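All remarks here apply to the structure that follows.
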Amino acid sequence: MTTSLERRNALYDNDLACYERMVEIREFEKITNALFAAGSIRGTTHLAVGQEALALGMATTLKPTDVIAGTYRSHALALAFGLTPHSVLGEIMGKATGCCGGVGGSMHMCDTSVGVLPTSAIIGGGMPIAAGAALAFQVQKSKNIGVALFGDGATNIGAFHESLNLAAIWKLPVVFVCDNNVYGEYSRINTTTPIDDLHIRAESYAMPHMAIDGMDIHAVRKGIGEAVDRARSGGGPTLVEAKTYRFSGHSRADQALYRPEGELEKWQKRDPLLVTEQDLIARKLITQDQIDQIKSTKEADLGALATKVESDPEPELSAMFSNIWTPAKAGK
Amino acid sequence: MTAMRVRQAIVAALADEMRADENVIFFGEDVAEAEGPFKTSEGILEEFGPVRVRDTPISEMGFTGAAVGAAMMGLKPVVEIMFIEFLGVALDQVVTEGAKMRYLSNGTLSVPMTIRASVGSGLGFGCQHSQTLEHWFASTPGLKVLMPSDAQSAYSLLRAAIQDPDPVIVLEPRILYAERGEVDTSKVTKIGKASMRATGSDITIVALGHMVNIAEAAIKAAGVSADLVDLQTIIPWDRETVLASVKKTGRLIVVEEAPQSGGWGSEIVATVTAQLFSSLKSAPFRITTPDVPVPFNGGLEARFAPTSDDVARQIKHALSQSGAPQPWWVAEGVAK
Ligand SMILES: Cc1ncc(C[n+]2csc(CCOP(=O)(O)OP(=O)(O)O)c2C)c(N)n1
Ligand SMILES: [Mg+2]
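Residue numbers (the numbering used here), protein chains in the order written: chain A, 1 to 332; chain B, 1001 to 1336.
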């Protein structure tokens, strides 16, 4: 069986593998959506369609020893960073084979072997934690860095501002990555936030900042790479705003009818899969036939996986009582 | 009487209060244009307009605190917190600011605000979106904490909350939003007053929110004659009704959808034990969740909150033995 770490390592310096992973994420989310609609997934799902280039760009710029704190919208992050489709789908379906043993659910991805800290379902929840991980690396004189991945809507919560300020004054080795996909739930960002370029908020914390094209893996690697180098070499934090688009609704059955006409279609021309395909074809690394082949293989593989996961074991009743705390060891 | 879903009863109560008093304003995340993630504000923006009905950024501390300030200046803000957990980032404004303003102004200020929040397990939202958390507020003097159990109480409690001169938190069991019931819109509950869901002679069951429905099913399943007290208000709770009932039945069970440690039911058991010790026929006890986070997996989550089967088991125990039964996880040897 392939481990998360092997899946992660397979991506470095391999643009074709990155593309295949992007297709895997896209097909995975289609299946997640279908399983949810069919009632095989409980609760809620937040699809990461459109996040593929950002996720892969980050996964191949960061090392597996760096850590990242993400959100409820983390299926792309999890798969890109190395988690197997089995452990991700297992978790979404509440199976014992899931990355959290089935007690977490769709919003809660985790695999410490590739630096994926438990993702938070609370807006802003992961940001101070990423700063804190970076603090540990600073104190431990390690070369690892912390990363927080969060949405545009999260820039209006106190934790965003407090984390940025703290990271700036302590010069923490952390990168704050804002996935500006234009929407927070059913609200367009311009209805809740008076500025268009969110990264300029770093100005007031005297923190370097930039906007990047989040639909192009090369642009992501370049921008995140610069921020990562700065953090690793003691230069402190950076706020990176990745301009992306949320191709799906917010969650569950949301059809995003509130989108202005034509907006989705405009962004579909910048679909990260399309952008990558064009690049790979131009570089003669792939043919259209191969693209079609990859897509149909992934679709079939994941379809078969879904059938398998449906019959995976449920967690034991004792799982409900596990991993809550350990008895005190110190003192008498 | 009108048949309504619980979420519609909430809309109706808000609309009736907004019609009656132009000082009532309403805001929260996606509550105006989108009419609420749980459709608990359908038609509110349309009828009352964007001055009184507003969408907010994802800034719970900011907008909840703004409700405190606006309330101090004479408005009656109602804010929606989509999931109770999100109040975590706004606790200062509620517990340490809002709840203290009357006190710190020597009685010259009041904070007539209402916080509505959805609570509870059972829908597969995982451990960060399924708690009830009433105990976060139940030990803060200055707050009033309410929880409806059906469409009628959702309507009547919300109207009472909005009319009240103090900060009131209304915790709405999310699992009930789609449930239907008959609603009499002339009824406004008195805060602090319990309601009798059933009356009987052998045992008193005190419950709150969705646990009232669970207890009702359990009483039927156990085939006993019981008083079922729907507490409705956690602070200030209705001592008079509970004590009168236990005085009559001599037995008490409290059913809570919250962890065993630190729950409001302890307060009730302690009060009843201290005041009615000599008239008790068996040990009063609580039925709670185990001290664990809410698990996502469906099979596990189904065991998390008290079930009607398990409540029925414990009711039968209480009627046949004087000592309290063990919680299921101990009885089944799953945990200590
Ligand atoms: C403190 C808090 N408030 C509200 C929510 C509910 N909520 C979940 S996702 C979301 C929108 C977030 O938008 P954004 O940050 O842009 O991330 P996206 O979902 O677009 O990835 C909201 C309001 C929450 N989870 N936590
Ligand atoms: Mg967004």
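Backbone N, C-alpha and C fix where the C-beta goes; we use that ideal spot for every residue, glycine too.
On a predicted model such as this, the values are computed, not experimentally measured, just so you know.
- Taking 9 Å as the CB threshold, A:K95 lines the interface with chain B.
- Placement of the Cβ of A:N190 at a distance of 8 Å or more from every heavy atom of ligand 2 is found.
- Taking 7 Å as the cut-off between beta carbons, the residues of the segment 1016-1029 of chain B near chain A are E1029, in sequence order.
- Contact between the segment 1125-1139 of chain B and the segment 161-168 of chain A is absent, with fewer than three C-beta pairs closer than 8 Å.
- Assigned with DSSP and collapsed to three states, B:I1162 falls in helix.
- Take the alpha-carbon of A:G225 and the one of B:S1121: they are about 42 Å apart.
- Annotation: the segment 112-171 of chain A contains the following complete segments of the beta strand (DSSP E) (minimum length 3 residues), in chain order: 146-151.
- A:A55 and A:I169 have their C-alpha atoms roughly 28 Å apart.
- Just measuring C-alpha positions, the residue of A:T61, A:H75 and A:P260 sitting nearest A:H108 is A:H75.
- Within the segment 103-114 of chain A, V103, G104, G105, S106, M107 and H108 place their CB atoms closer than 9 Å to a CB of chain B, listed in sequence order.
- For A:R42, the neighbours in chain B by C-beta distance under 9 Å run, in chain order, L1123, G1124, F1125, F1296, N1297, G1298 and E1301.
- Per DSSP, reduced to three states, the secondary structure at B:S1195 is strand.
- Counting only Cβ-Cβ distances below 8 Å, B:F1086 has contacts in chain A at I122 and I123, in chain order.
- Ligand 1 approaches A:R246 closely enough that one of its heavy atoms is under 8 Å from the residue's Cβ.
- Counting along the chain, B:T1249 sits inside no beta strand (DSSP E); it lies in the alpha helix (DSSP H) bounded by residues R1239 to T1249.
- Against chain A, the CB of B:D1055 has a partner CB under 9 Å away; the residue lies at that interface.
- The DSSP assignment places 75-81 and 85-92 as complete runs of the alpha helix (DSSP H) inside the segment 54-103 of chain A, in order along the chain (cut-off: 4 residues).
- With a cut-off of 8 Å, the C-beta of B:G1250 is classified as distant from ligand 2, since no heavy atom of the ligand falls inside that distance.
- The closest CA to that of B:Q1275, considering only B:V1246, B:N1297 and B:P1290, is found on B:V1246.
- Listed in chain order, the non-local C-beta contacts of B:E1080 below 6 Å within the same chain comprise G1028, V1031 and R1116, local neighbours out to five positions each way being set aside.
- Set against 8 Å, the gap from the CB of A:N180 to the closest heavy atom of ligand 2 is smaller.
- Judged by the Cβ position, A:G101 fails to qualify as a neighbour of ligand 2 at the 8 Å threshold, every heavy atom of the ligand being at least this far.
- Annotated as proximal: A:N180 and A:G151, with beta-carbon spacing under 9 Å.
- The criterion of a C-beta distance shorter than 9 Å is satisfied by A:V116 and A:L83.
- Taking 8 Å as the cut-off, one finds no heavy atom of ligand 1 near enough to the beta carbon of B:V1051.
- By the rule that beta-carbons nearer than 9 Å mark a contact, B:Q1128 touches chain A.
- Ranked by how close their Cα comes to the Cα of A:K269, the residues A:M215, A:E203, A:G234 and A:P315 have A:M215 in first place.
- At least one C-beta of chain A is nearer than 9 Å to the C-beta of B:F1304.
- Neighbours of B:S1059 in chain A, taken as residues at a C-beta separation under 8 Å, are given in chain order as N156, I157 and G158.
- Proximity to A:S106 across B:F1125, B:T1114 and B:L1109 peaks at B:F1125, based on C-alpha coordinates.
- For a cut-off of 8 Å, the C-beta gap from B:D1164 to B:A1194 is around 17 Å, too long to register as a contact.
- Taking 8 Å as the cut-off, the C-beta of A:M93 does not count as close to any heavy atom of ligand 1.
- Neighbours of B:P1173 in chain A, taken as residues at a C-beta separation under 9 Å, are lacking, since the least C-beta distance is about 16 Å.
- Look at B:M1147: its beta carbon is at least 8 Å from all of the heavy atoms in ligand 1.
- Here B:A1312 is not near B:A1198, since their CB atoms are 9 Å or more apart.
- The beta-carbon of A:E185 is placed less than 9 Å from the nearest beta-carbon of chain B.
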